[in-house]
Structures are given as C-alpha cells and as structure tokens.
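In our numbering, the protein residues as written are 502 to 688.
Idealized CB from N, CA, C, for every residue including glycine.
(1) Residue 691 lies in the alpha helix (DSSP H); which residues open and close that run?
(2) How should residue 670 be labelled, buried or exposed, when 16 other C-beta atoms within 10 angstroms of its C-beta is the threshold for buried?
(3) Taking the alpha-carbon of residue 662 as reference, which of 542, 509, 601 has the nearest alpha-carbon?
(4) With H, G and I counted as helix, E and B as strand and the rest as coil, what does DSSP make of residue 515?
(5) With DSSP as the reference, label residue 682 as helix, strand or coil.
(6) Could you check the C-alpha separation between residue 513 and residue 639 for me, to the nearest Å?
(7) Three-state secondary structure (DSSP) at residue 508?
(8) Between which two residues does the alpha helix (DSSP H) holding residue 614 run?
(9) Taking buried to mean at least 16 other C-beta atoms within 10 Å of its own C-beta, is residue 680 buried or exposed?
(10) What's the gap between the Cα of residue 590 and the Cα of residue 557?
(11) Evaluate residue 654 with the Cβ neighbour count: other Cβ atoms within 10 Å of its Cβ, from every protein chain shown; 16 or more gives buried, anything less gives exposed.
(12) Take residue 645 and list the residues in its own chain whose beta-carbon comes closer than 6 Å to its own, dropping the five residues that flank it on each side.
(13) Can you tell me the Cα-Cα spacing of residue 515 and residue 630, whole angstroms?
(14) Using the rule of at least 16 other Cβ atoms within 10 Å of the residue's Cβ for burial, across every protein chain shown, is residue 551 buried or exposed?
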C-alpha cells in the first residue's frame, strides 16, 4: 500500500482505508485459496464411486451456471431486484458439505468467489453496482468471507460426524464379536 502512495496511485489521506481493504483481501485469499491448495492433493487419490463423481460434476455445473446468473446482471433495475440473490449459492455450499469432502467444498467456494470477483471487476452483479467505491469491494469481501467460513465450518462438522459414526460402527463391530466369543482368549 505504501508503494501505491509513493507511486501516486493512492492518496495519502486514503492510506488506512486502502490498507484495510488490501489486508482483508489478503486474509480472504487465506480462506479461499489455501484450503483449495491443501485439499487438491486428494484429487489424485479419488476413490469415489462413479455415481458420486457424476453428482459432483452436476454440483460443479450448477455452481458455475448459478454463479454466472447471479453475478453477471448488468442493468441497475435488475440489480435492485436481484440484490439479495447472491445468497442463492448457499444451498450449493450445503450440498457440497453434506454430500462430499473438504476438497469439493473448497472447489465450490472457489468457483463462487472467483465468479463474484470476476463479474464485480467488470461492474456487473450485486457488488459491481457500487463501481468506483470501496462499498462494493467491502460488500464483496464480506460475502466471500461469509461463504468461505460457513462452508469450511459446515464441512468440518460433517467430516467430524462421519468420523465419529465410523468409529462407533467399528466399536460396535468389535464389541459384538467379543460378546459372541468371550472365552476364546482364556483357552
């Protein structure tokens, strides 16, 4: 940010507002990009059945189409009507978290965030209506933070539940086997 001020690309009076927007953007990249990178190694170890892979492809297609529909709106009258429609992507995040693993959740989060950023840069969609102001950028950053944190927390909760159910199933299996043959260890 200091280099922007020295290069006369940002006013000295706006230093702290530019710095805060810049810092929030960096923090959001940690929420969106880092989980995507960390979970991408699992793409090569995919052992999902074909039906689940097909469902994942449908999820990704729906995510791309809905993101384009929500964030590509260009007329101001349509934006006023669609202003809250950006939250229509939440069911896709829930679908990803409830049916798939962290890698699919992070990919859906990335696709939605990338679409929102791409269209906002072109002054389209619910955040692009504030072109030239920090209000649209802050609203975009807030939206990205909300979907990222929500998706990651939901996916972590579902993952923990799956692990505990698997541990319970294994325990019941071992316990039932031991109850059926209790004296084999004595012989």
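Answer, in terms of the structure:
(1) Residue 691 lies beyond the range of the chain shown here (502 to 688); nothing can be said about it.
(2) In the chain shown, the residue the question calls residue 670 occupies position 169. It is exposed - the Cβ of residue 670 has fewer than 16 other Cβ atoms within 10 Å.
(3) Here residue 662 refers to the residue found at position 161 of the chain shown. For the residues 542, 509, 601, the minimum Cα distance to residue 662 belongs to 601.
(4) Position 14 of the chain shown, counted from the start, is the residue given in the question as residue 515. Helix.
(5) As a first step, residue 682 must be located in the chain shown, where it is residue number 181. Correct three-state label for residue 682: coil.
(6) Along the chain shown, read from residue 1 onward, the residue named residue 513 stands at position 12. Along the chain shown, read from residue 1 onward, the residue named residue 639 stands at position 138. Straight-line Cα distance between these residues: approximately 20 Å.
(7) If you number the chain shown from 1, residue 508 lands on position 7. Coil, per DSSP.
(8) Here the question's residue 614 lines up with position 113 in the chain shown. Unbroken alpha helix (DSSP H) run through residue 614: 603-622.
(9) Here residue 680 is taken as the residue at index 179 of the chain shown, counted from 1. Result: exposed.
(10) Indexing the chain shown from 1 puts residue 590 at position 89. Indexing the chain shown from 1 puts residue 557 at position 56. So the alpha carbons of these two residues sit roughly 15 Å apart.
(11) In the chain shown, counting from the first residue as 1, residue 654 sits at position 153. So residue 654 counts as exposed.
(12) Mapped onto the chain shown, residue 645 falls at position 144. If we look at residue 645 and ignore the five residues flanking it on each side, its Cβ neighbours are 529, 614.
(13) Locating residue 515 in the chain shown gives position 14, counting from the first residue. Locating residue 630 in the chain shown gives position 129, counting from the first residue. So the alpha carbons of these two residues sit roughly 22 Å apart.
(14) As a first step, residue 551 is located in the chain shown; it is residue number 50 there, counting from the start. Counting Cβ neighbours within 10 Å, residue 551 comes out exposed, since fewer than 16 surround it.
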